[in-house]
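**Q**
Numbering (this note's numbering), first residue to last: 157 to 1083.
In structure tokens:
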């Protein structure tokens, strides 16, 4: 590769590609010998695993009866081994190419159906980041959908404290006023005056069941809409809020087989009425039809995506919790409706026993799995006594203790709890909660796979329809689909990491805290910042947290008028959406023809908005895949105007070990651990988006109401440390690589991208290059002239690549009519050459269109991708052979295994016009 690029070494390539003004000297990251003392050097896999085993062992896995939205659950072994630990599932990317994503799209449709059925709503999205952010999105959905002109939202006093805190974080910048009310009183609890909505939980933090039907009716009488936090397990027994008139249901699917994991990752959910479908944030899987006339799944309503709507987007969420949503859906399929109801009855039965035994100490008698006891002056003693039996209860205050039961609760646990209270076991009172009459989970997908054999084969059937990283390179620009090493993945299944409640006593989480502190320090070192918070559980949340820190910093300096956020026209759309959510006004800065930020336009904007400037958000290297030479000058101009510099870390894979944003002008960055630091994308989630800041912004990093040691900052996630259970992946990656390995990985990523750019430029011109004609870690192939001359589009090339066994590059982002390619450092030269060969062969097919052999419509490019059903059908009336369709000739070192697309090309317009977002009803299968 270096010979092709005309350089003698990787370091020489870096010297040509990366501006010298930001490039750190090698070796030692510019720190000389001190780097060896400060930074962990590369270790062997067994050494790193031994260290993680020790850290996991320093955590205490107690019986968790704390509740507050987090419950112990039993993950069926077949799901752990064949789904969570299966690279066919965890290395997949977001299903933007639906024809090669039919397996995970079907699984997500199952999730949506499960949520819709259990909540009694008509439509649900494909998961949210966690329960608290789902509640926040419910809040803004109510505001958009309400006809009320009021800015006031009524929030029940018994909401989970972490949910309430995230609502406060999201409400204030948007001008929403939260009014706390005691909705246990029903209509009497509602305040006087106008309000646009009400948010409550069907079962509050205390466990008490609220009169949802009465509250909904009263709210509707005041022309307000209602969102209800819903427990999916309880919904197998109790009438769901959707059937009681609530417009929105939100919550978490965690207790459906997803481990506690110190708080995440877990799949939140949001469900609503069909009339609000276009207001629903996040991703939505819909049913359309493909070119063969077969039903096919796809992401629906794509015009809602942030890179299209930008500052007009209704949410900054551009990801989901796909892997966890699929796990929850498969848990429901494995147990089925009867199995889930049995688990619910068992949990409720244990709660009944505890409630009956507490006698007069019981605070309320309407509950599902959580009871509250009044023990004046004895609460700490009761909790301590339970702890001596290995059980964690929730200390509410000096006089109250809460006990939550779940799938893992046993009779022995109940006996130990009662012993801690000093009461004898009594016969349950049989408090009746089972008032649900409607059926649920009647679809075949929830009634066919109750044996391990059936489930194993179903998971294999679905994964065979997808292209994940275990089959092919996924050359997605901006998305960094790199190797997720098995040694990095293994520790997330350790009981010492998986079995910890996020609000467990501090003494139980010694190993977790040591690992988190170590990772925070290492990320700060790598990026050149001073402090890091790992709380944001997605890049979008990291953006939001960073912008909030900037906003609060200006306010602390008595400059609240600084509310303008400059954003280059090339930026990812979540930047603009996050800025609006943080209460900032977006002003766009133009880019030059070469893709760089236009400094002349920046200066002009600073002249106009300088006194009101809060920040500029830039991506570095740029969204166009180029190291901009004038980045330090840009940062200086913004600082001189009194603004802060936000450097989006989406492209950090081109900087690690070479340059540090915190040293060349950045005040804050978010990092995508699911890109640069090897947390797997999992089909579109989980992710982690920590925020890194300079010292002056550190006081404004996210805090948490139940972890005062994190400070007073505004929380952005439900759990104090976000998706903590997957942090061992990045912790292991850093130690496995060490400083030299991280730097070399970046250098190889740059070499691979430039190698592909040079090899493909003769067929598909590279649109943007930086100094010396080089790109950073990705390149944009321009097909617009090809389309103009032949009618063959970038989408045609993307679909045709599936016939060659490759996942497509990023399509039409950041420039319409282009393909953005990022090979990463993980791919071998053989794989890169195979991709070049496939693209070269496709160019040959385009040339045949240009010569008139086919029209674009008649060509295999427009017919792609080709399914086994199509090429084996009796009728074949296409202008090219079946062999050309299914086995195109390509010059590679060895034949690639054939991957059959799960569907032919899908009609997106038809899917949006006829929005179907759940499994067809049972009778449809009989037909």
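Beta carbons are placed, not taken as given, at the ideal position from N, Cα and C, and that holds for glycine.
Quick one: what does DSSP say residue 574 is sitting in, helix, strand or coil?
**A** helix
**Q** Based on Cα-Cα distance, which residue from 788, 801, 963 and 477 lies nearest to residue 879?
**A** 477
**Q** Whole angstroms is fine: what's the gap from residue 797's alpha carbon to residue 755's?
**A** 14 Å
**Q** Looking only at its chain, what residues have a beta carbon closer than 6 Å to the beta carbon of residue 401, apart from the 5 residues adjacent to it on each side?
**A** Sequence-distant Cβ neighbours of residue 401 in its own chain, meaning closer than 6 Å and more than five residues away, are 372.
**Q** When the Cα atoms are used, what is the spatial distance from residue 154 to residue 178?
**A** Shown here, the chain extends from 157 to 1083; a query on residue 154 therefore has no answer.
**Q** With 16 other CB atoms within 10 Å as the buried threshold, where does residue 524 fall?
**A** With 16 or more other Cβ atoms within 10 Å, it is buried.
**Q** Just to confirm, is the Cβ distance from residue 1043 to residue 632 under 9 Å?
**A** No Cβ-Cβ contact shorter than 9 Å links residue 1043 with residue 632.
**Q** Measuring alpha carbon to alpha carbon, tell me which of 440, 377 and 386 ends up nearest residue 261.
**A** 440
**Q** Measure the alpha-carbon distance for residue 842 versus residue 409 and round it to whole angstroms.
**A** Going by the C-alpha atoms only, they are around 14 Å apart.
**Q** Taking DSSP as the reference, what is the three-state secondary structure of residue 184?
**A** The pLDDT assigned to residue 184 is 48, lower than 50, so where the model puts this residue is not dependable; a value taken from the coordinates is nonetheless given after this. Helix.
**Q** Mind listing, in chain order, the continuous alpha helix (DSSP H) runs of no fewer than 4 residues lying wholly within the stretch 941-1024?
**A** 950-959, 985-1006 and 1016-1019
**Q** In the DSSP assignment, what are the bridge partners of residue 1027?
**A** Bridge pairing for residue 1027: absent [DSSP].
**Q** Please return the same chain residues whose Cβ sits closer than 7 Å to the Cβ of residue 946, not counting the five positions on each side in sequence.
**A** 1002, 1005, 1006 and 1012
**Q** Between which residues of its own chain and residue 784 is the CB-CB distance below 6 Å, once the five residues before and five after are set aside?
**A** 752 and 778
**Q** Look up residue 865 in the DSSP assignment and give the residues it is bridged to.
**A** Residue 865 pairs with nothing; no bridge assigned.
**Q** Given a cut-off of 9 Å on the beta-carbon distance, is the pair residue 1022 and residue 1041 in contact?
**A** yes
**Q** In three-state DSSP terms, what is residue 336?
**A** strand
**Q** Out of curiosity, what's the CA-to-CA distance linking residue 725 and residue 502?
**A** 56 Å
**Q** Pairing CB atoms from the stretch 953-968 with CB atoms from the stretch 616-635, are three or more of them under 8 Å?
**A** yes
**Q** Looking only at its chain, what residues have a beta carbon closer than 7 Å to the beta carbon of residue 551, apart from the 5 residues adjacent to it on each side?
**A** 535, 536, 539 and 557
**Q** Can you tell me which of the three DSSP states residue 827 falls into?
**A** strand
**Q** Just the Cα atoms here: how many angstroms apart are residue 353 and residue 566?
**A** 40 Å
**Q** Go through the stretch 727-801 residue by residue and report every complete run of the alpha helix (DSSP H) that reaches 4 residues or more, in order.
**A** 729-737, 755-765 and 787-796
**Q** If you run the structure through DSSP and keep just helix, strand and coil, what is residue 700?
**A** helix
**Q** Expressed to the nearest angstrom, what Euclidean distance is found between the alpha-carbon atoms of residue 862 and residue 325?
**A** 15 Å
**Q** By the three-class DSSP mapping on this structure, what secondary structure does residue 289 have?
**A** helix
**Q** Classify residue 283 as helix, strand or coil using the three-state DSSP reduction.
**A** coil
**Q** With 16 other CB atoms within 10 Å as the buried threshold, where does residue 180 fall?
**A** So residue 180 ends up on the buried side.
**Q** Distance check for residue 823 and residue 1087, CA to CA, integer angstroms please.
**A** Residue coverage of the chain in this structure runs from 157 to 1083, which leaves residue 1087 outside it and unanswerable.
**Q** Using the beta-carbon count (16 or more within 10 Å), is residue 188 buried or exposed?
**A** Because the pLDDT of residue 188 is 42, which lies under 50, any placement of that residue in the model is unreliable, and the question is left without a value.
**Q** Fully enclosed by the stretch 390-466, which beta strand (DSSP E) runs are 3 residues long or longer?
**A** The stretch 390-466 contains these whole beta strand (DSSP E) runs: 404-408, 424-428, 441-445 and 451-455.
**Q** Considering just the uninterrupted stretch of the alpha helix (DSSP H) at residue 623, what are its terminal residues?
**A** First-last for residue 623: undefined, no H or E at that position.
**Q** Closest by CA to residue 982, which one among 356, 937 and 900?
**A** A check of alpha carbon separations from residue 982 across 356, 937 and 900 identifies 900 as the nearest.
**Q** According to DSSP, is residue 249 helix, strand or coil?
**A** In this structure, residue 249 counts as coil in the three-state DSSP scheme.
**Q** Just list the residues that DSSP pairs residue 689 with in beta bridges.
**A** 847
**Q** Would you mind sorting residue 319 into buried or exposed? The rule is 16 or more other CB atoms within 10 Å of its CB.
**A** Residue 319 sits buried, since 16 or more C-beta atoms from the chains shown fall within 10 Å of its C-beta.
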